[in-house]
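This note's numbering numbers the first residue of the sequence shown as 302 and each following residue consecutively.
The beta carbon of each residue, even a glycine, is placed where N, CA and C say it ideally should be.
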Amino acid sequence: MQEPELEAKTYMFAYLAMLGLLGLNIGIAFLHLGWGNMLIGLLIGGLEAAVLIGVLMHGLYEKAMIHIVMGGAALWFLILISLTMTDYITRNWIPISGK
């Protein structure tokens, strides 16, 4: 299988996008938004992962079967994150005696 030939400007765009998202993530960390910081940080991290997978790992240029596998992996990751966030958000709903 032959790898796609990408121009240098594509890699430069990916690099600048990753740096911009990193700066945005750092800027959000200084704001006090409560649990919104975590949500926004996860969304920015997801965008960073999309740029990484799409451009640097050549995910945009693969066949349809690879896109299906990547979509399934992303869906499974979202299921795991949503279950983790559900546990985290509902921890203090039941009062524990002695606390």
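Following the DSSP letters along the chain, one finds I345 inside the alpha helix (DSSP H) bounded by residues G337 to V352. Judged by their CB atoms, V352 and M386 are not nearer to each other than the 8 Å cut-off.
Less than 8 Å separates the beta-carbon of N326 from that of I345. Counting of Cβ neighbours within 10 angstroms places V370 among the exposed residues, the total staying below 16.
Exclusion of the five residues before and after L323 leaves E349 as the residues of its chain whose Cβ lies within less than 8 Å of its Cβ.
Taking C-beta separations shorter than 6 Å and ignoring five residues to either side along the sequence, the partners of I341 in its chain run I329, following chain order.
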